[in-house]
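Working notes, beginning with the structure itself.
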Amino acid sequence: MAATMKQTLIILIAIALAINIAIVAVLLFDLQPRLGAAVNLEPTVEVTLYGGEIITDEGIKYGYGFSPDEIMAPGPNLEFKQGDVVRFLFKNVGEVPHTFAVVLKVDPVNPDLLDNYDTGNVLPDDEAVLVVQFNQVGTLQYQCTVPGHSSLGMWGNITITP
Amino acid sequence: MVSEKKLYTILAVLIVTAGLGVFFLYNNLFPSVPTQFRGNRYINPLTAPDFELIDQYGRPFKLSDFKGKVIAITFIYTHCPDICPAISAGFHQLMGLLEDKGLDDDVVLVMVSVDPERDTPERLREWMELYGLEKAYLLTGDIDSVSKVWKAYGVLVEKIEVDDPSLGYGVAHTGIVYLINKNFEVEVFFLGAPPQWSAEDLFNDIQILVARPTES
């Protein structure tokens, strides 16, 4: 009788141990990203944009591009998915300071979205990072917030699709 | 040979840890606070631009007095025919959701006029009563002070002609709601007006910001 009781106990201990191990396994492998989701969001998309001046048939223009040789005015269209956490790395390959900012509507002097929310002046040969999570479907724009630069082509569109 | 008593002890300990584990998992798999933001979000937010204006009772209002709370700030005017009524109704609904969850003391709703010439404190108080915004701060002031706030928050404001002469003039302005976190940083922005966002969307993100501890 005592031996049977012991056997039952050992089986129960084995079951309880298995549940404990399963919980630890879930915590270690599955749950961690979810627990951290609200606080530390790792970028899901990385975009490197080069900014600077180019000489065109219409004279000197300012623009953006995905490489130093592909700078165009206006800059390329950027397309992201809803929920993307985008890390913009902006590199100034031009001769004068430039910035990169996400805006609601481009404006050469008063850009339409937290005009202090941009990389700030990035000196020639320097770079800066801006990280934004796009959760709303729609259209935004980006631009250089140095007054007048967007008029010379230093802007582009951002499209967020579902 | 292990005694039966020891086996009972081991079993008891394992059951307790399994119970705690299940409780912890349950809480995190079905969190009471949402984890996903619905508004656009700056991952490296910057300090909110501070300002001082006058509220709908003519009392001075300073934004940084509410540091430590979550602040929802938007821009409206009371002669607005389209988006401002939608935004105001959204804020009214949001206030209800916050009260239901007992969060109304943790959150401040701020609406800055984009038409200070016509939006006197009295006029804003009428708007407050019309939309049930008793707990919101409806702000106005002299044109210089108010336009500085628009500029700091990147809100474009432009007088336009309207078809209905009884409205006088219209004001084209940026439709946006910013959420300022408890560290006084502008972290989330919702573009446009309902239906582009809903009171539930704002409430979702506000709950995340309220639940997050303040950085020392």
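Protein chains in written order, with numbering that gives the first Met the number 0: chain X, 0 to 161; chain Z, 0 to 215. Note that CB positions come from ideal geometry on N, CA and C, so glycine has one too. Quantities reported herein were computed from a predicted structural model and do not represent experimental measurements.
Does DSSP put residue 135 of chain Z in a helix, in a strand, or in coil?
Mapped onto the second sequence, residue 135 of chain Z falls at position 136. In this structure, residue 135 of chain Z counts as coil in the three-state DSSP scheme.
Distance check for residue 78 of chain Z and residue 115 of chain Z, CA to CA, integer angstroms please.
Mapped onto the second sequence, residue 115 of chain Z falls at position 116. Mapped onto the second sequence, residue 78 of chain Z falls at position 79. So the alpha carbons of these two residues sit roughly 11 Å apart.
Rounded to whole angstroms, what is the Cα-Cα separation between residue 80 of chain X and residue 119 of chain Z?
Here the question's residue 80 of chain X lines up with position 81 in the first sequence. Here the question's residue 119 of chain Z lines up with position 120 in the second sequence. The C-alpha of residue 80 of chain X lies about 43 Å from the C-alpha of residue 119 of chain Z.
Listing by chain order, which chain X residues have their CB less than 7 Å from the CB of residue 155 of chain Z?
Reading the second sequence from its first residue, position 156 is the one you call residue 155 of chain Z. Correct list: 104, 106, 109, 111.
So, using beta-carbon positions, are residue 16 of chain X and residue 13 of chain Z closer together than 7 Å?
Translated into the one-based positions of the first sequence, residue 16 of chain X becomes position 17. Translated into the one-based positions of the second sequence, residue 13 of chain Z becomes position 14. With respect to the 7 Å criterion, residue 16 of chain X and residue 13 of chain Z are classified as neighbours on the basis of their beta carbons.
Does the region 63–71 of chain Z touch the region 163–181 of chain Z, meaning 3 or more C-beta pairs lie closer than 8 Å?
Segments in contact, yes.
Does residue 29 of chain Z come within less than 7 Å of chain X when only Cβ atoms are used?
As a working note, residue 29 of chain Z is residue 30 in the second sequence. Taking a beta-carbon distance threshold of 7 Å, residue 29 of chain Z does not count as an interface residue toward chain X.
For residue 192 of chain Z, which of helix, strand or coil comes out of DSSP?
Looking up residue 192 of chain Z in the second sequence gives position 193. Of the three classes helix, strand and coil, the one that applies to residue 192 of chain Z here is coil, per DSSP.
Compare the beta carbon distance of residue 151 of chain X and residue 60 of chain X with 7 Å and say whether it is the shorter of the two.
Residue 151 of chain X sits at position 152 when you count from the first residue of the first sequence. Residue 60 of chain X sits at position 61 when you count from the first residue of the first sequence. Yes, these two residues count as a Cβ contact at 7 Å.
Distance, residue 190 of chain Z Cα to residue 196 of chain Z Cα:
The residue you call residue 196 of chain Z lines up with position 197 of the second sequence. The residue you call residue 190 of chain Z lines up with position 191 of the second sequence. Cα-Cα distance, rounded: 8 Å.
Only counting the same chain, and skipping five residues up and downstream in sequence, which positions put a Cβ closer than 8 Å to that of residue 38 of chain Z?
The residue given as residue 38 of chain Z occupies position 39 in the second sequence. Cβ within range, chain order: 176, 178, 187, 188, 189, 196, 200, 201, 204.
For the region 115–135 of chain X, which residues have a beta carbon sitting closer than 9 Å to at least one beta carbon of chain Z?
Only those residues of the region 115–135 of chain X whose C-beta falls short of 9 Å from the nearest C-beta of chain Z are listed: 115, 116, 128, 129, 130, 131, 132, 133, 134, 135.
Under 7 Å between beta-carbons, which chain Z residues line up against residue 11 of chain X? List them in chain order, please.
On the first sequence, position 12 is the one that residue 11 of chain X refers to. Near residue 11 of chain X (Cβ distances below 7 Å), the residues of chain Z are 10.
Helix, strand or coil for residue 112 of chain Z per DSSP?
Mapped onto the second sequence, residue 112 of chain Z falls at position 113. In the three-state reduction of the DSSP assignment, residue 112 of chain Z falls in the strand class.
Looking at residue 12 of chain X and residue 19 of chain Z, is the spacing between their C-beta atoms short of 7 Å?
Here the question's residue 19 of chain Z lines up with position 20 in the second sequence. Here the question's residue 12 of chain X lines up with position 13 in the first sequence. Result no, Cβ atoms of residue 19 of chain Z and residue 12 of chain X do not sit closer than 7 Å.
Between residue 75 of chain Z and residue 192 of chain Z, is the Cβ-Cβ spacing less than 7 Å?
Here the question's residue 75 of chain Z lines up with position 76 in the second sequence. Here the question's residue 192 of chain Z lines up with position 193 in the second sequence. Cβ distance not < 7 Å, so residue 75 of chain Z and residue 192 of chain Z don't count as in contact.
By Cβ distance, which residues of its chain are closer than 7 Å to residue 38 of chain X, with the 5 residues on each side in sequence left out?
The residue labelled residue 38 of chain X in the question sits at position 39 within the first sequence. Low per-residue confidence applies at residue 38 of chain X: pLDDT is 46, beneath 50, and the placement is therefore not dependable enough to give any value.
Assumed close pair residue 88 of chain X, residue 41 of chain X - CB separation to whole angstroms, cut-off 8 Å:
Within the first sequence, the letter at position 89 stands for residue 88 of chain X. Within the first sequence, the letter at position 42 stands for residue 41 of chain X. With a Cβ gap of about 15 Å, residue 88 of chain X and residue 41 of chain X do not count as contacting.
The beta strand (DSSP E) enclosing residue 132 of chain X, as first and last residue numbers
The sequence position of residue 132 of chain X within the first sequence is 133, counting from 1. Following the DSSP letters along the chain, one finds residue 132 of chain X inside the beta strand (DSSP E) bounded by residues 126–132.
Please go through the region 45–125 of chain X and give each complete beta strand (DSSP E) segment of 3 or more residues, from N-terminal end onward.
For the region 45–125 of chain X, whole beta strand (DSSP E) runs of length 3 or above, ordered along the chain, are 58–64, 77–80, 84–91, 100–102.
Alpha helix (DSSP H) containing residue 210 of chain Z: first to last residue?
Mapped onto the second sequence, residue 210 of chain Z falls at position 211. Looking at the DSSP string, the run of the alpha helix (DSSP H) that includes residue 210 of chain Z is 198–210.
Can you tell me which of the three DSSP states residue 43 of chain Z falls into?
In the second sequence, counting from the first residue as 1, residue 43 of chain Z sits at position 44. Strand at residue 43 of chain Z.
If we define contact as Cβ-Cβ less than 7 Å, is residue 62 of chain Z a contact residue for chain X?
Working through the second sequence from its first residue, we reach residue 62 of chain Z at position 63. The beta carbon of residue 62 of chain Z sits no closer than 7 Å to any beta carbon of chain X.
For residue 68 of chain X, which residues of its own chain have a beta-carbon under 6 Å away from its beta-carbon, when the five flanking residues on both sides are left out?
If you number the first sequence from 1, residue 68 of chain X lands on position 69. There are no such residues.
Confirm, please, whether the CB-CB distance from residue 47 of chain Z to residue 185 of chain Z is below 7 Å.
Walking along the second sequence from the start, residue 185 of chain Z turns up at place 186. Walking along the second sequence from the start, residue 47 of chain Z turns up at place 48. In this structure, residue 47 of chain Z lies closer than 7 Å to residue 185 of chain Z by Cβ.
Sequence-distant residues of its chain with Cβ nearer than 7 Å to residue 7 of chain X (five each side left out):
Within the first sequence, numbered from 1, the residue matching residue 7 of chain X stands at position 8. Cβ neighbours of residue 7 of chain X beyond the five flanking positions: none.
Straight-line CA distance for residue 64 of chain Z to residue 143 of chain Z?
Along the second sequence, one-based indexing puts residue 64 of chain Z at 65. Along the second sequence, one-based indexing puts residue 143 of chain Z at 144. Going by C-alpha positions, residue 64 of chain Z is about 21 Å away from residue 143 of chain Z.
Who are the near neighbours of residue 170 of chain Z in its chain, counting only those whose CB is closer than 8 Å to its CB and skipping five residues on each side?
By one-based count along the second sequence, residue 170 of chain Z stands at place 171. Cβ within range, chain order: 76, 78, 79, 113, 114, 156, 157, 158, 159.
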